[in-house]
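What follows is a set of notes on a single structure, which appears directly below.
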Amino acid sequence: MSFYPPGAVDGRLNGFEFTFEAIPDKSSLHDSHIEVDPDPHEAYVFPNDPAEQERLDLQSLALTELFSGRLHFAPIAAEGSPKRVLDVGTGTGAWAMDMGDMYPEARIIGVDLSPIQSNAVPPNVHFYIEDAAQSWAWPDPFDYIHTRVLLGSFGDFKNEVIQQAFDSLRPGGWLESQDFNLEAVTDDDTLKPDAPLSRWIFDMNYASELIGRPLSRSHLLRQWYEEVGFVDVRQRVFKIPINGWAKNPRHKHVGKLWEQNFLDGLSGFSMALFTQVLERKQEEVQVSLVDVRRDISNMHIHAYQHVWVVWGRKPFPGETVPPRSPSGDRDMAE
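Residue numbers for the sequence shown follow our numbering, so the first one is 1 and each next one is one higher.
As structure tokens, this is what we get:
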């Protein structure tokens, strides 16, 4: 059961950083904090201060734990180690550095709009600064391109990211996206439609729709992959508890990580959209978030969010593209 007030816009949350492209002679940015653009219809980003960087690392850990330690689902090592890997919207670079350790023979490139990555990285990992919404200009194709939690950062994720990734892959290369929808779901009606958390979700979705940057479209990723031309498209959908209510020890652990991630980012997520788009006062927003935080940590609310993992392969020249693939696997936590 999903919780959206009547008339809710069908769009949800996700994504915390812009990103991309990067050629070494490009000029880099050195601001440690990116402000919200005063025009809400222009590009905006969420806070990017040290506290947000710590949250991004926690988010990366929570998702990796949810995936039982897997960094990727695409079969990129089926023909040997990949040679060139691109992480779009690398954030703090946590995933890219883990991949560098896993594939020491590969060149791992992470790109982001902000220079917040560590200097202590594996020798095969390189970070560049660029905006992924702009035209990509990589001189050599990639074997594998990865995105994680980026949807709210783009107005047209299908063309700005998926299409450009398709064009930047070698034939036979893979693209993979890992993203989640903000929508909170329960199987026992413990989250009511008028609960503070439910209202917050609606407001976030509505505001993001108003500026043309919907925060969640994870359920459309598979369709977009196939429309762009990827083949062998597969999908897995996971449940991630919003706190530690789950009985299963692993899911309880993941839920506690996700709860802290949620709480740490709540104010930053809300301020840009609620003050710039919905024109609320900061004091009003902060007061409303008190009850939202209470819902997030309420163990009697058995809510979870869906996390989509979608991957697909760029076909070889002359390869016949098969009909659209079946619905895919679902890994649902209890």
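For glycine and all other residues, C-beta sits at the position ideal for the given N, C-alpha and C.
The model shown is predicted, which means the values in this text are computed figures rather than measured ones.
Proximity to residue i [Cα-Cα], best of the options
i: residue 76; options: 244, 175, 219; result: 175
i: residue 191; options: 245, 229, 230, 53; result: 245
i: residue 94; options: 67, 81, 79, 125; result: 125
i: residue 302; options: 81, 168, 291, 247; result: 247
i: residue 320; options: 55, 287, 253, 231; result: 231
i: residue 317; options: 306, 170, 193; result: 170
i: residue 210; options: 311, 134, 272; result: 272
i: residue 282; options: 196, 267, 153; result: 267
i: residue 343; options: 269, 239, 80, 270; result: Beyond the ends of the chain as shown, which are 1 and 334, falls residue 343; an answer cannot be given.
i: residue 79; options: 144, 287, 139; result: 144
i: residue 224; options: 214, 269, 156; result: 156
i: residue 292; options: 67, 61, 198; result: 198
i: residue 288; options: 213, 154, 161, 270; result: 270
i: residue 200; options: 162, 294, 315, 70; result: 294
i: residue 277; options: 148, 203, 304, 163; result: 203
i: residue 186; options: 304, 312, 313, 74; result: 304
i: residue 312; options: 162, 114, 265; result: 162
Under 8 Å between C-beta atoms of residue i and residue j
i: residue 296; j: residue 257; result: no
i: residue 72; j: residue 146; result: yes
i: residue 218; j: residue 308; result: yes
i: residue 189; j: residue 151; result: no
i: residue 233; j: residue 226; result: yes
i: residue 106; j: residue 139; result: no
i: residue 310; j: residue 235; result: yes
i: residue 177; j: residue 221; result: yes
i: residue 229; j: residue 315; result: yes
Buried versus exposed, by CB contacts within 10 Å (16 or more), residue i
i: residue 32; result: Low local confidence applies: a pLDDT of 29 at residue 32 is under 50, so the model's placement there is unreliable, and no value is given.
i: residue 172; result: exposed
i: residue 323; result: exposed
i: residue 159; result: exposed
i: residue 299; result: exposed
i: residue 183; result: buried
i: residue 38; result: Its pLDDT being 36, under 50, residue 38 is placed unreliably in this model, and the coordinates cannot settle the point.
i: residue 49; result: exposed
i: residue 334; result: For residue 334, the predicted structure reports a pLDDT of 34, less than 50, and the residue's modelled location is therefore unreliable. A value from the coordinates is still provided. The residue in question, residue 334, is exposed, as its Cβ has fewer than 16 Cβ neighbours within 10 Å.
i: residue 120; result: exposed
i: residue 167; result: exposed
i: residue 194; result: exposed
Residues near residue i in its chain [Cβ-Cβ closer than 6 Å; skip 5 each side]
i: residue 274; result: 280, 285
i: residue 306; result: 181, 237
i: residue 63; result: none
i: residue 249; result: none
i: residue 84; result: 107, 142, 143
i: residue 66; result: 238, 240, 254
i: residue 164; result: 136
i: residue 74; result: 174, 176, 311
i: residue 265; result: 55
Same chain, Cβ closer than 8 Å to residue i, neighbours up to 5 away in sequence not counted
i: residue 122; result: 97, 100, 101, 104, 108
i: residue 92; result: 53, 56, 57, 60, 116, 117, 118
Three-state secondary structure (DSSP) of residue i
i: residue 256; result: helix
i: residue 129; result: strand
i: residue 23; result: Unreliable positioning characterises residue 23 in this predicted model, as indicated by a pLDDT of 35, which lies under 50. The coordinate reading is nonetheless provided below. Here residue 23 sits in coil by DSSP.
i: residue 239; result: strand
i: residue 93; result: coil
i: residue 219; result: helix
i: residue 147; result: strand
i: residue 211; result: coil
i: residue 285; result: helix
i: residue 36; result: Here the model assigns residue 36 a pLDDT of 35, short of 50, so the residue's position is not dependable and the matter cannot be decided.
i: residue 313; result: strand
i: residue 193; result: coil
i: residue 200; result: helix
i: residue 206; result: helix
i: residue 167; result: helix
i: residue 59; result: helix
i: residue 263; result: helix
i: residue 155; result: coil
i: residue 175; result: strand
i: residue 301; result: coil
Cutoff 7 Å; reference residue i; Cβ partners in own chain excluding five residues on either side
i: residue 259; result: 242, 243, 244, 296, 297
Closer than 7 Å: residue i CB and nearest the ligand ZN heavy atom
i: residue 142; result: Looking for the ligand ZN in the displayed structure turns up nothing, as the structure carries no ligands at all.
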